[in-house]
DNA sequence: AGAAAAACTTACGATATCTTAAGAATGAAA
DNA sequence: TTTCATTCTTAAGATATCGTAAGTTTTTCT
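Protein chains in written order, with UniProt numbering: chain A, 1 to 197; chain B, 1 to 197.
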């Protein structure tokens with residue numbers, strides 16, 4: 001059922017979509033990887049901990065969320081296979097996270113620790129490029145989201161979410177999608193009904 | 001009135017707060033800089049253009065904004081002396097921007113073109129670090145803003161803005177601050193009155 | 001200083017979104 | 001299959017935010 005090599009392979013293929021490397025570099029990379037199995041609802045990171053791994057989802061679905069003052073959950077990021085999930089704030093600044101990184105479906109992550117990654121950056125410089133591109137993409141996505149928050153009303157945000165992530169809508173409960181979009185689950189339910197007839 | 005060397009010097013001091021370099025490196029850097037003077041309301045970037053400079057504000061104030069479908073202005077970024085302003089999306093992806101980058105007070109920018117910066121990264125590698133740190137900071141600020149958008153109501157956002165940027169409130173008209181916070185100027189005015197008594 | 005433009009305020013009716021509470025549907029576990 | 005827990009829906013009243021329009025104040029330009 002659980003076949004580590006398959007997940008490592010999937011990860012290597014993922015890297016190869018963006019950068020190239022030879023056999024020995026590949027071995028070196030693989031030697032730095034860790035596999036983490038998560039049951040549904042289990043977390044890899046909780047508030048107070050410092051995130052010191054980059055995390056790739058090989059299988060399953062994850063979300064990054066946070067409890068505000070009123071213990072309302074705010075979802076910052078969703079992810080499925082081949083996405084990366086992390087609290088980059090904590091990872092980059094090495095300060096305690098306020099986030100949960102939680103499995104929604106049972107999941108398999110491929111992780112690299114920050115210290116090993118620093119070493120890899122020296123030995124396999126292409127990797128540095130890979131992560132620079134990831135960072136840039138993450139920034140652009142966030143900026144897009146900020147603009148949407150300023151200009152779209154709730155229903156428009158929901159429509160855009162569906163259009164942009166057709167596959168995600170089925171895999172996350174609606175109350176999580178609502179918290180990602182910044183509205184109450186009741187209101188999302190109301191909007192869906194209102195626009196379905 | 002306009003003293004280029006003073007602004008170049010200010011820029012070099014700004015770099016030196018984060019990284020170190022020697023005389024010859026400094027000369028090299030300075031040889032790549034451009035100074036740009038802007039009158040109030042003048043723009044350095046408009047929709048359709050590709051942003052190919054990194055821009056440091058030596059003097060004055062700037063904002064980055066965008067017109068949505070209803071020609072409403074949404075302000076994405078504000079900046080004063082010693083801040084960087086750009087549409088990183090356009091700069092990084094080399095695709096046309098949808099933004100205006102506009103002077104609010106008359107301003108002086110110190111700019112480096114992307115092509116020269118790439119060369120500098122090779123010759124003065126510390127610079128690469130400097131910009132990596134800037135990128136990270138920008139990401140964290142955006143993430144913070146996204147979380148606030150999800151959890152705070154309008155007045156709380158306004159309070160937080162004042163607390164975080166005491167100096168900015170005086171230097172930008174209220175309708176710009178309102179558009180940065182994602183509310184109408186009328187509503188911001190109403191909130192200010194309501195909470196002042 | 002005076003005129004024109006820009007920014008800010010006020011007030012009110014219209015909409016959007018939330019809160020609460022209860023019930024219905026679905027999924028998980030025994 | 002029954003039971004329990006989770007998720008989703010519905011509805012009604014409360015609150016937040018907007019749109020509009022008019023009037024005031026402040027800034028800019030000549």
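We put the CB at the ideal spot given by N, CA and C, even for glycine. Remember, it's a predicted structure, so these values are computed and weren't measured experimentally.
- Item | Coarse secondary structure for residue 49 of chain A, derived from DSSP in three states | Here residue 49 of chain A is taken as the residue at index 49 of the first chain, counted from 1. Coil.
- Rounded to whole angstroms, how far is the Cβ of residue 110 of chain B from the Cβ of residue 8 of chain B, which I believe are closer than 8 Å? Position 110 of the second chain, counting from 1, holds the residue named residue 110 of chain B. Position 8 of the second chain, counting from 1, holds the residue named residue 8 of chain B. 7 Å between Cβ atoms; contact.
- Could you name the residues of the same chain whose beta carbon sits closer than 7 Å to that of residue 55 of chain A, not counting the 5 residues immediately before and after it, in chain order? The residue given as residue 55 of chain A occupies position 55 in the first chain. The answer, listed in chain order, is 44, 84, 85, 86, 109, 111.
- Message: What does the alpha-carbon distance come out to for the pair residue 190 of chain B and residue 182 of chain B?
- Response: Here residue 190 of chain B refers to the residue found at position 190 when the second chain is read from its first residue. Here residue 182 of chain B refers to the residue found at position 182 when the second chain is read from its first residue. So the alpha carbons of these two residues sit roughly 15 Å apart.
- Item | Cβ shell of residue 96 of chain B (< 7 Å), same chain only, five flanking positions each side left out | Here the question's residue 96 of chain B lines up with position 96 in the second chain. Within the same chain, residue 96 of chain B has close Cβ partners 48, 49, 50, 90.
- Message: Would you say residue 1 of chain A lies against chain B (beta-carbon separation less than 9 Å)?
- Response: On the first chain, residue 1 of chain A is found 1 positions in, with the first residue counted as 1. In this predicted model, residue 1 of chain A has a pLDDT of only 46, less than 50, meaning its place in the structure is not dependable; the value taken from the coordinates is given anyway. With 9 Å as the cut-off, residue 1 of chain A does not count as an interface residue toward chain B.
- Item | Integer-rounded CB distance, given that residue 114 of chain A should sit under 8 Å from residue 66 of chain A | In the first chain, residue 66 of chain A corresponds to position 66, counting from 1. In the first chain, residue 114 of chain A corresponds to position 114, counting from 1. That belief does not hold up - the Cβ atoms of residue 66 of chain A and residue 114 of chain A are roughly 21 Å apart, past 8 Å.
- Query: From the DSSP output, which residues share a beta bridge with residue 84 of chain A?
  - Reply: The residue given as residue 84 of chain A occupies position 84 in the first chain. Residue 84 of chain A is bridged to A:56.
- Message: For residue 28 of chain B and residue 122 of chain B, which I take to be in contact (beta-carbon distance under 8 Å), what is that distance rounded to the nearest angstrom?
- Response: For the purposes of this step, residue 28 of chain B is taken as the residue at position 28 of the second chain. For the purposes of this step, residue 122 of chain B is taken as the residue at position 122 of the second chain. The pair is not a contact, with the Cβ atoms about 11 Å apart (cut-off 8 Å).
- Beta-carbon proximity list for residue 1 of chain B, same chain, < 6 Å, skipping 5 on both sides: By 1-based counting over the second chain, the position of residue 1 of chain B is 1. Here residue 1 of chain B scores only 46 on pLDDT, less than 50, and its place in the model should not be relied on; the value that follows carries that caveat. Excluding positions up to five away in sequence, the list is empty.
- Query: In this structure, does DSSP put residue 36 of chain A in helix, strand or coil?
  - Reply: Here residue 36 of chain A refers to the residue found at position 36 when the first chain is read from its first residue. Residue 36 of chain A falls in the strand class under three-state DSSP.
- Message: On the DSSP letters alone, give me the boundaries of the alpha helix (DSSP H) that residue 196 of chain A sits inside.
- Response: Against the first chain, residue 196 of chain A aligns to sequence position 196. Premise fails: residue 196 of chain A is in no alpha helix (DSSP H) and is neither H nor E.
- Residues of the segment 62 to 81 of chain A whose Cβ lies closer than 9 Å to any Cβ of chain B, in chain order: The residues in question are 66, 68, 69, 70, 72, 74, 75, 76.
- Task: Enumerate in chain order the residues of its own chain whose CB-to-CB distance from residue 173 of chain B is below 6 Å, with the five nearest sequence positions on each side excluded.
- Result: Counted from its first residue, the second chain places residue 173 of chain B at position 173. Closer than 6 Å at Cβ, skipping near neighbours: no residue.
- Tell me where the alpha helix (DSSP H) around residue 124 of chain B begins and ends. For this step, residue 124 of chain B is matched to residue 124 along the second chain. First-last for residue 124 of chain B: undefined, no H or E at that position.
- Message: Less than 7 Å between C-beta atoms, sequence neighbours within five positions excluded: which residues of the same chain meet that for residue 157 of chain A?
- Response: Position 157 of the first chain holds residue 157 of chain A. Excluding sequence neighbours, residue 157 of chain A sits near 148, 181.
- Secondary structure at residue 150 of chain A, three-state DSSP: helix, strand or coil? Position 150 of the first chain, counting from 1, holds the residue named residue 150 of chain A. DSSP places residue 150 of chain A in helix when its eight states are reduced to three.
- Item | Cross-chain neighbours of residue 145 of chain A in chain B, by beta carbon under 7 Å | Translated into the one-based positions of the first chain, residue 145 of chain A becomes position 145. Per Cβ cutoff of 7 Å: 146.
- So what does residue 79 of chain B bridge to, in DSSP terms? Position 79 of the second chain holds residue 79 of chain B. The partner list for residue 79 of chain B (beta bridge, DSSP) reads B:62.
- Message: Judging by CA-CA distance, which residue of B:88, B:57, B:73, B:128 is the nearest neighbour of residue 175 of chain B?
- Response: Locating residue 175 of chain B in the second chain gives position 175, where the first residue counts as 1. Looking at the Cα atoms, B:73 is the closest of the given residues.
- Of the residues A:92, A:165, A:31, which one's Cα is nearest the Cα of residue 116 of chain A? Mapped onto the first chain, residue 116 of chain A falls at position 116. For residue 116 of chain A, the nearest C-alpha among the options comes from A:31.
- If you run the structure through DSSP and keep just helix, strand and coil, what is residue 113 of chain A? Position 113 of the first chain, counted from the first residue, corresponds to residue 113 of chain A. Of the three classes helix, strand and coil, the one that applies to residue 113 of chain A here is strand, per DSSP.
- Taking the alpha-carbon positions, what's the residue 129 of chain A to residue 136 of chain A distance? As a working note, residue 129 of chain A is residue 129 in the first chain. As a working note, residue 136 of chain A is residue 136 in the first chain. So the two alpha carbons sit approximately 11 Å from each other.
- Based on the DSSP secondary-structure assignment, which residues constitute the bridge partners of residue 107 of chain B? Here residue 107 of chain B refers to the residue found at position 107 when the second chain is read from its first residue. According to DSSP, residue 107 of chain B bridges with B:38.
- Item | Cross-strand partners of residue 100 of chain B (DSSP beta bridge) | Counting from 1 along the second chain, the entry for residue 100 of chain B is found at position 100. B:65, per the DSSP bridge assignment.
- Task: Tell me, please, whether the CB atom of residue 136 of chain A is closer than 9 Å to any CB atom in chain B?
- Result: Counting from 1 along the first chain, the entry for residue 136 of chain A is found at position 136. Output row for residue 136 of chain A: interface = yes.
- What's the call for residue 133 of chain A, buried or exposed, on a 16-neighbour Cβ count within 10 Å? Mapped onto the first chain, residue 133 of chain A falls at position 133. So residue 133 of chain A ends up on the exposed side.
- Take the Cβ of residue 224 of chain A as the centre, count every other Cβ of all protein chains shown within 10 Å, and call the residue buried at 16 or more, exposed below. Nothing about residue 224 of chain A can be reported from this structure: the residues present for chain A run from 1 to 197 only.
- Query: Since residue 149 of chain A meets chain B, which of its residues come closer than 9 Å, beta carbon to beta carbon?
  - Reply: Residue 149 of chain A sits at position 149 when you count from the first residue of the first chain. 145, 146, 149, 150, 182, listed in chain order.
- With a threshold of 16 other CB atoms inside 10 Å of the CB of residue 20 of chain B, please say whether the residue is buried or exposed. Taking the second chain and counting its residues from 1, one reaches residue 20 of chain B at position 20. Looking at its Cβ environment, which holds fewer than 16 other Cβ atoms inside 10 Å, residue 20 of chain B is exposed.
- Task: Return the chain-ordered list of same chain residues with a C-beta closer than 7 Å to the C-beta of residue 34 of chain A, the five sequence neighbours on each side being excluded.
- Result: Within the first chain, numbered from 1, the residue matching residue 34 of chain A stands at position 34. Closer than 7 Å at the Cβ level, and outside the excluded window around residue 34 of chain A, lie 111.
- Message: For a cutoff of 9 Å on Cβ pairs, would you count residue 175 of chain A as touching chain B?
- Response: Here residue 175 of chain A refers to the residue found at position 175 of the first chain. Not an interface residue.
- Same chain, Cβ closer than 7 Å to residue 98 of chain B, five either side skipped, listed in chain order: Position 98 of the second chain holds residue 98 of chain B. Result list for residue 98 of chain B: 47, 66, in chain order.
- Whole angstroms is fine: what's the gap from residue 196 of chain B's alpha carbon to residue 163 of chain B's? Along the second chain, one-based indexing puts residue 196 of chain B at 196. Along the second chain, one-based indexing puts residue 163 of chain B at 163. So the two alpha carbons sit approximately 16 Å from each other.
- Query: When the Cα atoms are used, what is the spatial distance from residue 82 of chain B to residue 106 of chain B?
  - Reply: Numbered from 1 along the second chain, position 82 holds the residue referred to as residue 82 of chain B. Numbered from 1 along the second chain, position 106 holds the residue referred to as residue 106 of chain B. Going by the C-alpha atoms only, they are around 15 Å apart.
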